[in-house]
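Trainee: I'd like to ask some things about the structure below.
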Amino acid sequence: MAWAYVTTLVQASRTTSGTSLTSGTMLSTVPVGDYVVVGVALDNTSSGDGDNSEVTSVTDTAGNTYTKLGEFTNGQGGAGAGATISAWASILTSQLTSGVHTITANYSSRVAVCLTAQQFTFTASGIIAHATGSPSGLANDAADPGSIIINSLSS
Numbered sequence: 078m079a080w081a082y083v084t085t086l087v088q089a090s091r092t093t094s095g096t097s098l099t100s101g102t103m104l105s106t107v108p109v110g111d112y113v114v115v116g117v118a119l120d121n122t123s124s125g126d127g128d129n130s131e132v133t134s135v136t137d138t139a140g141n142t143y144t145k146l147g148e149f150t151n152g153q154g155g156a157g158a159g160a161t162i163s164a165w166a167s168i169l170t171s172q173l174t175s176g177v178h179t180i181t182a183n184y185s186s187r188v189a190v191c192l193t194a195q196q197f198t199f200t201a202s203g204i205i206a207h208a209t210g211s212p213s214g215l216a217n218d219a220a221d222p223g224s225i226i227i228n229s230l231s232s
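To convert, count from 1 in the sequence shown and add 77; that's my numbering.
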């Protein structure tokens, strides 16, 4: 399988209270079959570390389905003291049109939140990425995370 990064589709941020953040319209048209990855970063509401499901869904105005790839909250012991990052993705079944469609991240009430969406192409069906093992859920605040090795999948 061959896949490639294409472009940034949208970026959005807000520092006022709300339960969702909607991007501006797409900067590029994305055809059916392309892969869109959405990253959402926001103030945490949970005091604990781990996947606390703080981002409840990601949608777009073309009706594509987004699946949560993963989420992690570094709670720092209290709401608003840390941060949450959540990643979502969709293999598009409906085209996203430049200047027309938007992406929305939904969550419980927050003040600071931002999102970005990236477009990828791939030439074969099947697994896009594969991870082995399981996340530890350990936040090791202020610790050096050390190194990580990522191996590519065979074509």
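All residues carry an ideal CB built from backbone N, CA and C; glycine is no exception.
Using a Cβ-Cβ cut-off of 8 angstroms (strictly less than) and excluding sequence neighbours within five positions of Val132, which residues of its own chain qualify?
Mentor: For the purposes of this step, residue 132 is taken as the residue at position 55 of the sequence shown. Closer than 8 angstroms at the Cβ level, and outside the excluded window around Val132, lie Val117, Leu119, Lys145, Glu148, Thr161, Ser163, Trp165, Ala182, Asn183 and Tyr184.
Trainee: Three Cβ pairs or more, each shorter than 8 angstroms: is that satisfied between the stretch 120-127 and the stretch 91-101?
Mentor: Cβ pair count under 8 angstroms is below three, so no.
Trainee: Keeping to the same chain, check which residues put their C-beta closer than 6 angstroms to that of Ala89; ignore five residues upstream and five downstream.
Mentor: By one-based count along the sequence shown, residue 89 stands at place 12. The answer, listed in chain order, is Leu98, Ser100 and Leu192.
Trainee: Looking at the secondary structure, which residues open and close the beta strand (DSSP E) in which Asp128 lies?
Mentor: Taking the first residue of the sequence shown as position 1, residue 128 is located at position 51. Neither: Asp128 is in no beta strand (DSSP E) and is coded neither H nor E.
Trainee: Considering only the beta carbon of each residue, do Thr179 and Thr138 sit closer than 8 angstroms?
Mentor: Position 102 of the sequence shown, counted from the start, is the residue given in the question as residue 179. Position 61 of the sequence shown, counted from the start, is the residue given in the question as residue 138. It is a contact, given that the beta carbons lie within the stated cut-off.
Trainee: Rounded C-beta distance between Ser105 and Gln196? I'm assuming under 8 angstroms.
Mentor: The residue given as residue 105 occupies position 28 in the sequence shown. The residue given as residue 196 occupies position 119 in the sequence shown. Rounded, the Cβ-Cβ distance is 7 angstroms, consistent with contact.
Trainee: Note the first and the last residue of the continuous beta strand (DSSP E) segment covering Tyr234.
Mentor: There is simply no residue 234 to check, as the chain begins at 78 and stops at 232 in what is shown.
Trainee: By the 10 Å Cβ neighbour count, where 16 or more other Cβ atoms means buried, how is Val177 classified, buried or exposed?
Mentor: Working through the sequence shown from its first residue, we reach residue 177 at position 100. With fewer than 16 Cβ atoms within 10 Å of its Cβ, Val177 is classed as exposed.
Trainee: If you check the beta carbons only, do Leu233 and Asp111 fall under 8 angstroms apart?
Mentor: Nothing about residue 233 can be read from this structure; the chain reaches only from 78 to 232.
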